[in-house]
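**Student:**
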Amino acid sequence: MDHFLYRDGTLCAEDVALSEIAAQVGTPFYVYSSATLLRHFHLFDTALAGMDHLVCFAMKSLSNQAVLRLLAEAGAGMDVVSGGEYARAVAAGVPPERIVFSGVGKTRAEMRQALTGGIRQFNVESEPEMRALSEVAVELGQVAPITIRVNPDVDARTHAKIATGKSENKFGIPIARARAVYALAADLPGVEVIGIDVHIGSQLTDLAPFEAAYLKVAELTEQLRADGHTIRRLDLGGGLGIPYAQTNEAPPSPQDYGDLIRRTVGHLGCEIEIEPGRLISGNAGLMVSRVIYVKEGADRQFLILDGAMNDLIRPAMYEAHHDIVPVVEPAPGAERATYDIVGPVCESGDTFAKGRTMAQVGPGDLVAFRSAGAYGAVMASEYNSRPLIPEVLVQRDQFAVIRARPTFDEMIARDMIPAWL
Ligand code: LLP
1 MDHFLYRDGT
11 LCAEDVALSE
21 IAAQVGTPFY
31 VYSSATLLRH
41 FHLFDTALAG
51 MDHLVCFAMK
61 SLSNQAVLRL
71 LAEAGAGMDV
81 VSGGEYARAV
91 AAGVPPERIV
101 FSGVGKTRAE
111 MRQALTGGIR
121 QFNVESEPEM
131 RALSEVAVEL
141 GQVAPITIRV
151 NPDVDARTHA
161 KIATGKSENK
171 FGIPIARARA
181 VYALAADLPG
191 VEVIGIDVHI
201 GSQLTDLAPF
211 EAAYLKVAEL
221 TEQLRADGHT
231 IRRLDLGGGL
241 GIPYAQTNEA
251 PPSPQDYGDL
261 IRRTVGHLGC
271 EIEIEPGRLI
281 SGNAGLMVSR
291 VIYVKEGADR
301 QFLILDGAMN
311 DLIRPAMYEA
321 HHDIVPVVEP
331 APGAERATYD
341 IVGPVCESGD
351 TFAKGRTMAQ
361 VGPGDLVAFR
371 SAGAYGAVMA
381 SEYNSRPLIP
391 EVLVQRDQFA
401 VIRARPTFDE
411 MIARDMIPAW
421 L
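First residue of the sequence shown? That's 1 in full-length UniProt numbering, and the numbers climb one at a time after it.
Have a look at this one:
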């Protein structure tokens, strides 16, 4: 459920008409609903009620400071994967004891940054990383709390580019080697094992792979405890999927997911951490764009928008589907048309949808891409020297620009021409 509904014939974000935002900030832009972000966070929080838990928002999905502040104030922790994300989380006011550090290639500089600033735990992904972390912590006179990410060799049944839990993926240590790696951890002076971490992929629309992975983690918890390790925290990753098309069957709910967690690992008495990104931010955001031209091709019509692949890369990168709807509500029985929906970037991959049938629109009309809150703005680039598009946050009847569109001069000023030229 989201808070983007037609009212009086125009699509609104909460109580604000998108046309009003477009008039003020220009197109294209991203817009987020505070109510949807908070609703989705609370769904997870409630689903884990009764268990000692922390919902750490995977901020790679949407990392604007305003969004982080909103979620942190609601009690969220953050899952960060780089020094930049760590710095953003801290700058937004997230308490360090609610920040977990994931990622397969943490550098020593990043480890130092998080140990100095404070961290809830590192999710370690390999022996060399664990040795490096131990050395850095010893240098700083600290002991780093860690979980070790295991790779359970489970097929997440999602797009290959975002599946992470099969043995051929770069993530985690093979679960079969876990006991040996935990034994090594126990011998290192700069790390303290507190638990286990697992994350098998993103946009999962079925609970079965989660169940398979969590049962393996439960079994491993008992083995490791028998080996003498303290396992008091389980980080179960993120990955619960969202419905990208309104016609699709809804994926399992956070409540179903919470019940599964209770059933598979609830008896172990561990503190539970989860790292959802997409389910919190995905349907909380739209990308709004304007039709520039409708062009007649040899055998098709092209709807040419002012938004492009550099603004929203998911269709080009993952063949992802996003519903695209007119901002002015189509009258009942209004004319429909079939388009290839494309942006102005100079490659054919800059295609949002092929053969998409929707209400007919024309030059100057606004359209909204649904489910664009997650992995939208954060994956944008300035390819074709198109400035990063602004982000807007709505709360009831108010809206604020939370990242401004850079001017051409600002964009160009980041380059420097050496004195010898
Ligand atoms: N935790 C870890 C360790 C992760 O790698 C990820 C996502 C998450 C949590 C959050 O997963 P979520 O709840 O958002 O599914 N750019 C792709 C998605 C990449 C996901 C990467 N890892 C897309 O646009 O679909």
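Positions of the beta carbon are idealized from the N, C-alpha and C atoms, including for glycine.
Using C-beta distances below 8 Å, list every residue in its chain close to D323, excluding the 5 sequence neighbours before and after it, in chain order.
**Tutor:** Here the question's residue 323 lines up with position 323 in the sequence shown. Answer for D323: Y244, A245, Q246, F369, R370, S371, listed in chain order.
**Student:** Would you report the Cα separation of P152 and A160, rounded to the nearest angstrom?
**Tutor:** Taking the sequence shown and counting its residues from 1, the one referred to as residue 152 is at position 152. Taking the sequence shown and counting its residues from 1, the one referred to as residue 160 is at position 160. Computed Cα separation, rounded: 16 Å.
**Student:** Is K170 buried or exposed, if buried means 16 or more other CB atoms sit within 10 Å of its CB?
**Tutor:** Locating residue 170 in the sequence shown gives position 170, where the first residue counts as 1. Classification for K170: exposed.
**Student:** Can you find a heavy atom of ligand 1 that lies under 6 Å from the Cβ of S102?
**Tutor:** On the sequence shown, position 102 is the one that residue 102 refers to. Yes, Cβ of S102 sits closer than 6 Å to a heavy atom of ligand 1.
**Student:** Is D350 near V342, with beta carbons less than 7 Å apart?
**Tutor:** If you number the sequence shown from 1, residue 350 lands on position 350. If you number the sequence shown from 1, residue 342 lands on position 342. Their beta carbons are under 7 Å apart, which means D350 touches V342 by this criterion.
**Student:** Please identify the residue among R69, A218, L184, G190 whose C-alpha is closest to the C-alpha of D197.
**Tutor:** As a first step, residue 197 must be located in the sequence shown, where it is residue number 197. For D197, the nearest C-alpha among the options comes from A218.
**Student:** Tell me the start and end of each unbroken alpha helix (DSSP H) in the stretch 3-52 that is at least 4 residues and wholly inside, in chain order.
**Tutor:** 18-25, 34-47
**Student:** Tell me the rounded alpha-carbon separation between T116 and G172.
**Tutor:** Against the sequence shown, residue 116 aligns to sequence position 116. Against the sequence shown, residue 172 aligns to sequence position 172. Cα atoms of T116 and G172: separation of roughly 25 Å, rounded to the nearest angstrom.
**Student:** Can you grab the Cα-Cα spacing for the pair A87 / E335, in whole Å?
**Tutor:** On the sequence shown, position 87 is the one that residue 87 refers to. On the sequence shown, position 335 is the one that residue 335 refers to. A87 and E335: Cα-Cα distance of roughly 50 Å.
**Student:** Buried or exposed: where does Y293 fall if 16 or more other Cβ atoms within 10 Å of its Cβ makes it buried?
**Tutor:** For the purposes of this step, residue 293 is taken as the residue at position 293 of the sequence shown. Exposed: under 16 other Cβ atoms inside 10 Å.
**Student:** Suppose contacts are defined by Cβ-Cβ distances below 7 Å. Is G201 in contact with A250 by that definition?
**Tutor:** Here residue 201 corresponds to residue number 201 of the sequence shown, with the count starting at 1. Here residue 250 corresponds to residue number 250 of the sequence shown, with the count starting at 1. Cβ distance not < 7 Å, so G201 and A250 don't count as in contact.
**Student:** Would the beta-carbon of R108 be found less than 6 Å away from any heavy atom of ligand 1?
**Tutor:** In the sequence shown, residue 108 corresponds to position 108, counting from 1. No, Cβ of R108 sits at least 6 Å from all heavy atoms of ligand 1.
**Student:** Going by DSSP, what residues sit across from V392 in a beta bridge?
**Tutor:** For the purposes of this step, residue 392 is taken as the residue at position 392 of the sequence shown. V31, V401, per the DSSP bridge assignment.
**Student:** Span of the alpha helix (DSSP H) holding A66?
**Tutor:** Locating residue 66 in the sequence shown gives position 66, where the first residue counts as 1. 65-73 is the extent of the alpha helix (DSSP H) around A66.
**Student:** Please report how far the alpha carbon of T27 lies from the alpha carbon of G165, in whole angstroms.
**Tutor:** As a position in the sequence shown, residue 27 is number 27, starting the count at 1. As a position in the sequence shown, residue 165 is number 165, starting the count at 1. The alpha-carbon atoms of T27 and G165 are separated by roughly 39 Å.
**Student:** Measuring only the C-alpha atoms, how far is E85 from T264?
**Tutor:** Numbered from its first residue, the sequence shown carries residue 85 at position 85. Numbered from its first residue, the sequence shown carries residue 264 at position 264. Roughly 31 Å between the two C-alpha positions.
**Student:** Closer than 6 Å to a non-hydrogen atom of ligand 1 - does that hold for the CB of I162?
**Tutor:** Numbered from 1 along the sequence shown, position 162 holds the residue referred to as residue 162. Yes, since a heavy atom of ligand 1 falls inside the 6 Å radius drawn around the Cβ of I162.
**Student:** Can you grab the Cα-Cα spacing for the pair S126 / T147, in whole Å?
**Tutor:** Here residue 126 corresponds to residue number 126 of the sequence shown, with the count starting at 1. Here residue 147 corresponds to residue number 147 of the sequence shown, with the count starting at 1. When rounded, the distance between both Cα atoms is 11 Å.
**Student:** Thinking C-beta only, is M411 closer than 7 Å to I272?
**Tutor:** Against the sequence shown, residue 272 aligns to sequence position 272. Against the sequence shown, residue 411 aligns to sequence position 411. In this structure, M411 does not lie closer than 7 Å to I272 by Cβ.
**Student:** Who are the near neighbours of L18 in its chain, counting only those whose CB is closer than 6 Å to its CB and skipping five residues on each side?
**Tutor:** Here residue 18 refers to the residue found at position 18 when the sequence shown is read from its first residue. Excluding positions up to five away in sequence, the list reads L11, V288, V327.
**Student:** Just to confirm, is the Cβ distance from V81 to S102 under 7 Å?
**Tutor:** On the sequence shown, residue 81 is found 81 positions in, with the first residue counted as 1. On the sequence shown, residue 102 is found 102 positions in, with the first residue counted as 1. It is a contact, given that the beta carbons lie within the stated cut-off.
**Student:** Less than 7 Å separating the beta-carbons of I194 and R131?
**Tutor:** In the sequence shown, counting from the first residue as 1, residue 194 sits at position 194. In the sequence shown, counting from the first residue as 1, residue 131 sits at position 131. In this structure, I194 lies away from R131, with their beta-carbon atoms at least 7 Å apart.
**Student:** With G241 and Q203 assumed to form a contact (beta carbons below 8 Å), what rounded beta-carbon distance in angstroms separates them?
**Tutor:** As a working note, residue 241 is residue 241 in the sequence shown. As a working note, residue 203 is residue 203 in the sequence shown. Confirmed, Cβ separation roughly 4 Å.
**Student:** Would you call L421 buried or exposed, if buried means 16 or more other Cβ atoms sit within 10 Å of its Cβ?
**Tutor:** Locating residue 421 in the sequence shown gives position 421, counting from the first residue. Exposed, since its Cβ has fewer than 16 Cβ neighbours within 10 Å.
**Student:** Let me know the secondary structure DSSP gives Y257 once reduced to three states.
**Tutor:** Here residue 257 is taken as the residue at index 257 of the sequence shown, counted from 1. Helix.
**Student:** Could you tell me if the beta carbon of P276 falls within a distance shorter than 6 Å of some heavy atom in ligand 1?
**Tutor:** By one-based count along the sequence shown, residue 276 stands at place 276. Yes, the Cβ of P276 comes within 6 Å of a heavy atom of ligand 1.
**Student:** Using the Cα positions of P174 and L366, report the straight-line distance between them to the nearest angstrom.
**Tutor:** Along the sequence shown, one-based indexing puts residue 174 at 174. Along the sequence shown, one-based indexing puts residue 366 at 366. Looking at the two C-alpha atoms, the distance is approximately 49 Å.
**Student:** I need the DSSP call for V367, collapsed to helix, strand or coil.
**Tutor:** Stepping through the sequence shown from its first residue, residue 367 is reached at position 367. Looking at V367 - three-state DSSP - the assignment turns out to be strand.
**Student:** Determine the DSSP secondary structure at E319, reduced to helix, strand or coil.
**Tutor:** Residue 319 sits at position 319 when you count from the first residue of the sequence shown. When DSSP states are grouped into helix, strand and coil, E319 belongs to the coil group.
**Student:** Rounded to whole angstroms, what's the CA-CA distance from A91 to N64? Just pull it up for me.
**Tutor:** Indexing the sequence shown from 1 puts residue 91 at position 91. Indexing the sequence shown from 1 puts residue 64 at position 64. Using only the alpha carbons, I get a separation of about 11 Å.
**Student:** Is the separation between the beta-carbon of Q121 and that of V100 shorter than 7 Å?
**Tutor:** Position 121 of the sequence shown, counted from the start, is the residue given in the question as residue 121. Position 100 of the sequence shown, counted from the start, is the residue given in the question as residue 100. Yes, the pair counts as a contact, with Cβ atoms nearer than the cut-off.
**Student:** Using the beta-carbon count (16 or more within 10 Å), is H40 buried or exposed?
**Tutor:** Sequence index remark: in the sequence shown, residue 40 carries index 40 (1-based). By the 10 Å Cβ count, H40 comes out buried.
**Student:** Does the Cβ of E14 have 16 or more other Cβ atoms within 10 Å, making it buried, or fewer, making it exposed?
**Tutor:** For the purposes of this step, residue 14 is taken as residue 14 along the sequence shown, with counting starting at 1. Label assigned to E14: buried.
**Student:** So within the stretch 190-258, which uninterrupted alpha helix (DSSP H) runs reach at least 4 residues, ignoring any that extend past its ends?
**Tutor:** 208-226
**Student:** Please tell me whether G77 and C56 are closer than 7 Å, where the distance is taken between their beta carbons.
**Tutor:** For the purposes of this step, residue 77 is identified with residue 77 of the sequence shown, where counting begins at 1. For the purposes of this step, residue 56 is identified with residue 56 of the sequence shown, where counting begins at 1. A contact, by the Cβ cut-off of 7 Å.
**Student:** Take the Cβ of C346 as the centre, count every other Cβ of all protein chains shown within 10 Å, and call the residue buried at 16 or more, exposed below.
**Tutor:** Within the sequence shown, the letter at position 346 stands for residue 346. With fewer than 16 other Cβ atoms within 10 Å, it is exposed.
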